[in-house]
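Remarks on the structure that follows.
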């Protein structure tokens, strides 16, 4: 998915964290947000770029969808890659050990792959309570008012601020989705209406509104009823 459709705040890959413990994951959240699965394609087997992820914009994504519909071989390959990615993510979920301590839980979220944040918010919703956010705010307060602010401290502040905002946004969206599921308000008609609103927002250069509705749409797909 294009970076314009994700909430992020990039942290330079060269940042060192002297106090950090070794991480097991190869991909870490230093860009946190709501994202969809991104598949990786061997370009040499796809000279026309059919399987290449769509570029930014609603029109580009519609074109990508149309190309898949016309080419059954490309569609089968794309669906196979999606299944493989889902299997990889399922194995990754099973391998993660959820920590008991609040301090360790913060690091757990920071080390979680970006596309898994939504899943972890839903799974660990009871742990994302007042105690958790109080701990997060306390650490942020200490770092912000540190007498000597090093580059590591400044980067840590950015990480925690980004994490806090992503978690709060994710919790709010999860609550909205669950309420709609409970009232059986999620259906294909609503999804179609949302698609129309997204297209109209892009045509009217209301990019921020369109991107927010894209987030809602991705969340809806997890709970949609026919």
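In my numbering, the protein residues as written are 111 to 336.
Don't be surprised by glycine CBs; every beta carbon is placed ideally from N, CA and C.
Query raised in the report: Is it right to say residue 187 is buried, meaning 16 or more other beta carbons lie within 10 angstroms of its own, or is it exposed?
Result: To locate residue 187, count along the chain shown from 1; it is residue 77. Buried is the call here.
Query raised in the report: What span of residues does the alpha helix (DSSP H) with residue 327 cover, start to end?
Result: Within the chain shown, numbered from 1, the residue matching residue 327 stands at position 217. Unbroken alpha helix (DSSP H) run through residue 327: 317-331.
Query raised in the report: Does the distance from the CB of residue 267 to the CB of residue 253 come in under 7 Å?
Result: Looking up residue 267 in the chain shown gives position 157. Looking up residue 253 in the chain shown gives position 143. In terms of Cβ geometry, residue 267 and residue 253 form a close pair [threshold 7 Å].
Query raised in the report: Out of curiosity, what's the CA-to-CA distance linking residue 230 and residue 197?
Result: The sequence position of residue 230 within the chain shown is 120, counting from 1. The sequence position of residue 197 within the chain shown is 87, counting from 1. Straight-line Cα distance between these residues: approximately 17 Å.
Query raised in the report: DSSP three-state call for residue 267: helix, strand or coil?
Result: Residue numbering aside, residue 267 sits at position 157 when the chain shown is read from its first letter. The three-state reading of DSSP puts residue 267 in helix, counting H, G and I together.
Query raised in the report: Just how far apart, CA to CA, sit residue 319 and residue 309?
Result: Within the chain shown, residue 319 is the residue found at index 209, counting from 1. Within the chain shown, residue 309 is the residue found at index 199, counting from 1. Between residue 319 and residue 309, the C-alpha separation is close to 11 Å.
Report task. Over the uninterrupted alpha helix (DSSP H) stretch that includes residue 214, give me the two end residues. Result -> Numbered from its first residue, the chain shown carries residue 214 at position 104. Run containing residue 214: 212-221, per the alpha helix (DSSP H) assignment.
Report task. Taking only the alpha-carbon atoms, compute the straight-line gap between residue 265 and residue 177 and give it to the nearest angstrom. Result -> Counted from its first residue, the chain shown places residue 265 at position 155. Counted from its first residue, the chain shown places residue 177 at position 67. The alpha-carbon atoms of residue 265 and residue 177 are separated by roughly 42 Å.
Report task. Answer yes or no: do residue 327 and residue 303 have a C-beta to C-beta separation smaller than 7 Å? Result -> Locating residue 327 in the chain shown gives position 217, counting from the first residue. Locating residue 303 in the chain shown gives position 193, counting from the first residue. The answer is no: Cβ separation not under 7 Å.
**Report entry** Rounded Cβ spacing between residue 238 and residue 277 (contact assumed at less than 8 Å)
**Finding:** Position 128 of the chain shown, counting from 1, holds the residue named residue 238. Position 167 of the chain shown, counting from 1, holds the residue named residue 277. The Cβ separation is near 6 Å, so the contact holds.
Requested in this report: Can you give me the start and stop residues for the alpha helix (DSSP H) that residue 250 sits inside?
Outcome: Numbered from its first residue, the chain shown carries residue 250 at position 140. Per DSSP, the unbroken alpha helix (DSSP H) holding residue 250 starts and ends at 240-254.
Query raised in the report: When burial is assigned at 16 or more other CB atoms within 10 Å of the CB, is residue 211 buried or exposed?
Result: Here the question's residue 211 lines up with position 101 in the chain shown. That one is exposed.
Query raised in the report: residue 325: which of 284, 289 and 175 sits nearest, CA to CA?
Result: To locate residue 325, count along the chain shown from 1; it is residue 215. Per the Cα distances, 284.
Query raised in the report: Residue range of the alpha helix (DSSP H) that residue 231 falls in?
Result: Indexing the chain shown from 1 puts residue 231 at position 121. 227-233 is the span of the alpha helix (DSSP H), which, as asked, contains residue 231.
Query raised in the report: Taking the alpha-carbon positions, what's the residue 185 to residue 224 distance?
Result: On the chain shown, position 75 is the one that residue 185 refers to. On the chain shown, position 114 is the one that residue 224 refers to. C-alpha separation (whole angstroms): 26 Å.
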